[in-house]
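Visitor: Quick one: the structure is below, and I'll ask about it shortly.
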Amino acid sequence: MTTRKCSRNLLLTAFLLLTTYNAEAAPDIGTDFYVTWADRLVESPDGGKTITLSLDYNSGSAIGTTNKYMFGYFSADIKLVGGNSAGTLATFYLKSIGEYAVHDELDFEFLGNSSGQPYALQTNVFANDLGGREQRMNLWFDPTAGFHNYAILWNRHMIIFYVDSTPIRVFPNNNRLGVNYVQSNPMKLYSTIYNADDWVTQGGKVKIDWRWAPFRVTFKNYNLQGCASQMSGATQCSTSWWDEPRYWSLTTGQYDGIKYIQQRYVTYNYCTDLRRNPTPPPECANT
Ligand SMILES: *[C@@H]1O[C@H](CO)[C@@H](O)[C@H](O)[C@H]1NC(C)=O
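This note's numbering applies: residue 1424 is where the sequence shown begins, and numbers increase by one.
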């Protein structure tokens, strides 16, 4: 064998190895989602019904929906990082996409903590580039011990955040008060985990302890019931129960429920942070 032929064979072998490696690296997570960050840290044992995202010293990971949606109901059962999760941030959120889109975003953010210390759940709303609407709460269960359901309902009238089917926060359409609402752009649903130890745990004082890596969060039973928005701008809804009049406003009972949760579990609310908002934003008056 001539040396030239030999090196050609070597190259070919190297090429085959590389392509095989790449094919293996992309996890099978079905067609509803694609990996937006770090193939190697995304796993699914069942073609996308259960998806685990990991964070290691080198990278976090993320998935996003293939479709973008204009209004809908989006939920998943989530089990958060067990043990010492300080400094890690897991998220489940909708975000506007499109080259000229303003920034709209509806967030569930799960703030990790040291072993034995409680996770915090933060929600936030960006409408037309304006965010800064954080609310932070403790949960009435240990979100690392099992799966719990987190959901966002979004129609023209209001946005409701649910934990295990209980509304924990509502953001009504307050256009008439001059408050921007989330209604001009389709959004995609994302799930992520990453290092945010500059702010997550006790305001950034507690850093990630990498001896506990990889940190893993598992999502299952994604429920994507939005109107999938096509490139042409047309939308297709298989159902739109979330747009029925009973979801246009909350009942008095539901409002009372949210008030109860806020009194009992909410530890931070931008509406009552007078240092940050000496005059509470207009939407705070009636929520
Ligand atoms: C973490 O635990 C400490 C101590 O219990 C608590 O003060 C804090 O609010 C918890 N959550 C975060 C995100 O720091």
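Just so it is clear, CB atoms sit at the ideal spot from N, CA and C, and this is done for glycine as well.
Note that the coordinates shown come from a computational prediction; the quantities given were computed from them, not determined experimentally.
Leaving out five residues on either side along the sequence, give the residues of the same chain with a beta carbon under 7 Å from the beta carbon of residue 1524.
Guide: Here residue 1524 refers to the residue found at position 101 when the sequence shown is read from its first residue. Closer than 7 Å at the Cβ level, and outside the excluded window around residue 1524, lie 1608.
Visitor: I'd like the span of the alpha helix (DSSP H) that includes residue 1530, first residue to last.
Guide: As a position in the sequence shown, residue 1530 is number 107, starting the count at 1. Here residue 1530 belongs to no alpha helix (DSSP H); instead the beta strand (DSSP E) covers 1528-1534.
Visitor: Please classify residue 1618: is it buried, with 16 or more other beta-carbons within 10 angstroms of its beta-carbon, or exposed?
Guide: For this step, residue 1618 is matched to residue 195 along the sequence shown. Counting Cβ neighbours within 10 Å, residue 1618 comes out buried, since at least 16 surround it.
Visitor: I'd like to know whether the C-beta of residue 1518 is nearer than 8 Å to at least one C-beta of chain D.
Guide: The chain labelled as chain D is not found in the depicted structure, where only one protein chain is given.
Visitor: Answer with buried or exposed for residue 1573, where buried requires no fewer than 16 other C-beta atoms within 10 angstroms of its C-beta.
Guide: For the purposes of this step, residue 1573 is taken as residue 150 along the sequence shown, with counting starting at 1. By the neighbour-count rule (16 or more Cβ atoms within 10 Å), residue 1573 is buried.
Visitor: Roughly how many angstroms lie between the CA atoms of residue 1507 and residue 1599, to the nearest whole one?
Guide: For the purposes of this step, residue 1507 is identified with residue 84 of the sequence shown, where counting begins at 1. For the purposes of this step, residue 1599 is identified with residue 176 of the sequence shown, where counting begins at 1. About 45 Å.
Visitor: What does the alpha-carbon distance come out to for the pair residue 1693 and residue 1676?
Guide: Looking up residue 1693 in the sequence shown gives position 270. Looking up residue 1676 in the sequence shown gives position 253. Cα-Cα distance, rounded: 24 Å.
Visitor: Leaving out five residues before and five after residue 1500 in sequence, what residues of the same chain have Cβ atoms less than 6 Å from its Cβ?
Guide: Residue mapping note: residue 1500 aligns to position 77 of the sequence shown, counting from 1. So the qualifying residues of the chain are 1570, 1572, 1643, 1644.
Visitor: So within the segment 1671-1702, which uninterrupted beta strand (DSSP E) runs reach at least 3 residues, ignoring any that extend past its ends?
Guide: Within the segment 1671-1702, the complete beta strand (DSSP E) runs of at least 3 residues are 1689-1692.
Visitor: Could you tell me whether the Cβ atoms of residue 1512 and residue 1476 are closer together than 8 Å?
Guide: Taking the sequence shown and counting its residues from 1, the one referred to as residue 1512 is at position 89. Taking the sequence shown and counting its residues from 1, the one referred to as residue 1476 is at position 53. No.
Visitor: Beta-carbon within less than 7 Å of residue 1703's beta-carbon, same chain only, minus the 5 sequence neighbours each way: which residues are those?
Guide: Your numbering for residue 1703 matches position 280 in the sequence shown. Once the five neighbours on either side are set aside, the close Cβ partners of residue 1703 are 1694.
Visitor: What residue ranges within the segment 1626-1665 form continuous beta strand (DSSP E) runs of no fewer than 3 residues, ordered along the chain?
Guide: Whole beta strand (DSSP E) segments, 3+ residues: 1638-1647.
Visitor: Between residue 1590 and the rest of its own chain, which residues show a CB-CB distance below 6 Å, the 5 nearest in sequence each way excluded?
Guide: Numbered from its first residue, the sequence shown carries residue 1590 at position 167. Cβ neighbours of residue 1590 beyond the five flanking positions: 1583, 1677, 1681.
Visitor: Tell me whether residue 1628 is buried or exposed, calling it buried when 16 or more other Cβ atoms sit within 10 Å of its Cβ.
Guide: In the sequence shown, the residue the question calls residue 1628 occupies position 205. Label assigned to residue 1628: exposed.
Visitor: I need the boundaries of the beta strand (DSSP E) containing residue 1540, first residue and last residue.
Guide: Taking the sequence shown and counting its residues from 1, the one referred to as residue 1540 is at position 117. No beta strand (DSSP E) contains residue 1540, which DSSP labels as neither H nor E.
Visitor: By the 10 Å Cβ neighbour count, where 16 or more other Cβ atoms means buried, how is residue 1665 classified, buried or exposed?
Guide: Residue numbering aside, residue 1665 sits at position 242 when the sequence shown is read from its first letter. Under this definition residue 1665 is a buried residue.
Visitor: By a C-beta neighbour count over all protein chains shown, 10 Å radius and 16 as the cutoff for buried, is residue 1568 buried or exposed?
Guide: In the sequence shown, residue 1568 corresponds to position 145, counting from 1. Counting Cβ neighbours within 10 Å, residue 1568 comes out exposed, since fewer than 16 surround it.
Visitor: Measuring CB atoms only, is the segment 1544-1563 touching the segment 1485-1502, in the sense that at least three cross pairs come out at less than 8 Å?
Guide: No, the segment 1544-1563 does not touch the segment 1485-1502.
Visitor: State the Cα-Cα distance for the pair residue 1441 and residue 1638, rounded to the nearest angstrom.
Guide: For the purposes of this step, residue 1441 is taken as the residue at position 18 of the sequence shown. For the purposes of this step, residue 1638 is taken as the residue at position 215 of the sequence shown. Legend: pLDDT at residue 1441 = 49, less than 50; position of this residue unreliable, no value from coordinates given.
Visitor: What distance in whole Å lies between the Cβ atoms of residue 1593 and residue 1562, which are believed to be in contact at a cut-off of 8 Å?
Guide: Position 139 of the sequence shown, counted from the start, is the residue given in the question as residue 1562. Position 170 of the sequence shown, counted from the start, is the residue given in the question as residue 1593. Actually they are not in contact, since the Cβ atoms of residue 1562 and residue 1593 sit about 18 Å apart, beyond 8 Å.
Visitor: Would residue 1495 and residue 1686 be called neighbours here (beta carbons separated by less than 8 Å)?
Guide: Working through the sequence shown from its first residue, we reach residue 1495 at position 72. Working through the sequence shown from its first residue, we reach residue 1686 at position 263. For residue 1495 and residue 1686, no; Cβs fall outside 8 Å.
Visitor: Give the range of the beta strand (DSSP E) segment to which residue 1518 is assigned.
Guide: Counted from its first residue, the sequence shown places residue 1518 at position 95. Looking at the DSSP string, the run of the beta strand (DSSP E) that includes residue 1518 is 1511-1519.
Visitor: Can you list, in chain order, the residues of its chain with a C-beta nearer than 8 Å to that of residue 1446? Leave out the 5 residues immediately preceding and following it.
Guide: For this step, residue 1446 is matched to residue 23 along the sequence shown. Legend: pLDDT at residue 1446 = 48, less than 50; position of this residue unreliable, no value from coordinates given.
Visitor: Return the CA-CA distance between residue 1444 and residue 1667, expressed in angstroms with no decimal places.
Guide: In the sequence shown, the residue the question calls residue 1444 occupies position 21. In the sequence shown, the residue the question calls residue 1667 occupies position 244. Any reading at residue 1444 must be qualified, since the residue scores a pLDDT of 49, below 50, and its modelled position is unreliable; the value itself is stated next. For residue 1444 and residue 1667, the distance between alpha carbons rounds to 49 Å.
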